[in-house]
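Just below is one structure, and these are the notes that go with it.
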Amino acid sequence: MKIPDKIQQRDDYKACASFHGHVCMGLTIGYLASKLAIKLLKEKRADDEELFCITETDACCCDAIQVLTGCTFGKGNLIYRDIGKMAFTFGSRSTGEGVRLVLRPDISGVPEKEQFLAQKIRVAKASSEEISEYEKLYETRSEALFDKGPEAFFTVEDMKIPSPSKARMAPSKMCDICGEAVMETKLTSINSLNYCRACRD
Ligand SMILES: [Zn+2]
Ligand SMILES: [Zn+2]
Numbered sequence: 001m002k003i004p005d006k007i008q009q010r011d012d013y014k015a016c017a018s019f020h021g022h023v024c025m026g027l028t029i030g031y032l033a034s035k036l037a038i039k040l041l042k043e044k045r046a047d048d049e050e051l052f053c054i055t056e057t058d059a060c061c062c063d064a065i066q067v068l069t070g071c072t073f074g075k076g077n078l079i080y081r082d083i084g085k086m087a088f089t090f091g092s093r094s095t096g097e098g099v100r101l102v103l104r105p106d107i108s109g110v111p112e113k114e115q116f117l118a119q120k121i122r123v124a125k126a127s128s129e130e131i132s133e134y135e136k137l138y139e140t141r142s143e144a145l146f147d148k149g150p151e152a153f154f155t156v157e158d159m160k161i162p163s164p165s166k167a168r169m170a171p172s173k174m175c176d177i178c179g180e181a182v183m184e185t186k187l188t189s190i191n192s193l194n195y196c197r198a199c200r201d
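If you read the sequence shown in our numbering, its first letter stands for residue 1, the second for the next number, and so on.
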């Protein structure tokens, strides 16, 4: 998929790319998911924890989500579930409304003609006409898809969601093994000694 210049030139896209460090399709998927979620939930970027996101992948897309929606790892309103799906659930704490966006599997499907030309290019058997024909097909297909907007990329499931608890702060206590301060709720007591997770494992 070619990311059209008109997308790459948007200020909000540039902000994502600058935070992430490079332009890639993963970042773009996160960008599109964020735009769609904000639109569907009628929200804006969360300064605090007004929005939250449960992501089922830890790939490049999460960086665009952090920049655009304000759901960040540091604030605790970006929650990672290690499921390995390109799926993102966004929720609004004020309305209780949520949406789960799942990347459509057919998005990366390549038409036969394009596959045929790509293969010829790969084995260096393509003429210059075929190379430019391939590029044209590839670019036209990408443009057409992006022109449909973020809706074309995801299936949308509406849901009411109980919002996850806000980021909790707990006082620190010493680990009896390493002597370092640890958030109290993360300690385990074994034979009346407090173990941090690093010392316990
Ligand atoms: Zn990336
Ligand atoms: Zn320790």
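We treat Cβ as the ideally placed atom computed from N, Cα and C, and that holds for glycine.
Check: residue i C-beta below 7 Å from any heavy atom of ligand 2
i: E180; result: yes
i: I190; result: no
i: I177; result: yes
i: C199; result: yes
i: C196; result: yes
Per DSSP, the bridge partner or partners of residue i
i: V23; result: The partner list for V23 (beta bridge, DSSP) is empty, contrary to what the question assumes.
i: E97; result: K160
i: T155; result: V102
i: V182; result: K173
i: F146; result: According to DSSP, F146 bridges with nothing at all.
i: I29; result: Paired residues: none, contrary to the question.
i: S92; result: L51
Where residue i sits in the DSSP three-state scheme
i: T72; result: coil
i: I177; result: coil
i: I7; result: helix
i: S192; result: coil
i: I79; result: strand
i: A87; result: strand
i: C61; result: helix
i: R168; result: coil
i: K39; result: helix
i: E114; result: helix
i: D12; result: helix
i: A198; result: helix
i: A244; result: Summary: the structure shown does not reach residue 244, with the chain confined to residues 1 through 201, and so no result is reported for it.
What does the shell around ligand 1 hold, if a residue joins when its beta-carbon is under 7 Å from any heavy atom? Going by the Cβ distance cut-off, the answer is H20, H22, C24, G26, L27 and C60.
Beta strand (DSSP E) segments (min. 3 residues) lying fully within the region 117-144: Qualifying beta strand (DSSP E) stretches: none in this window.
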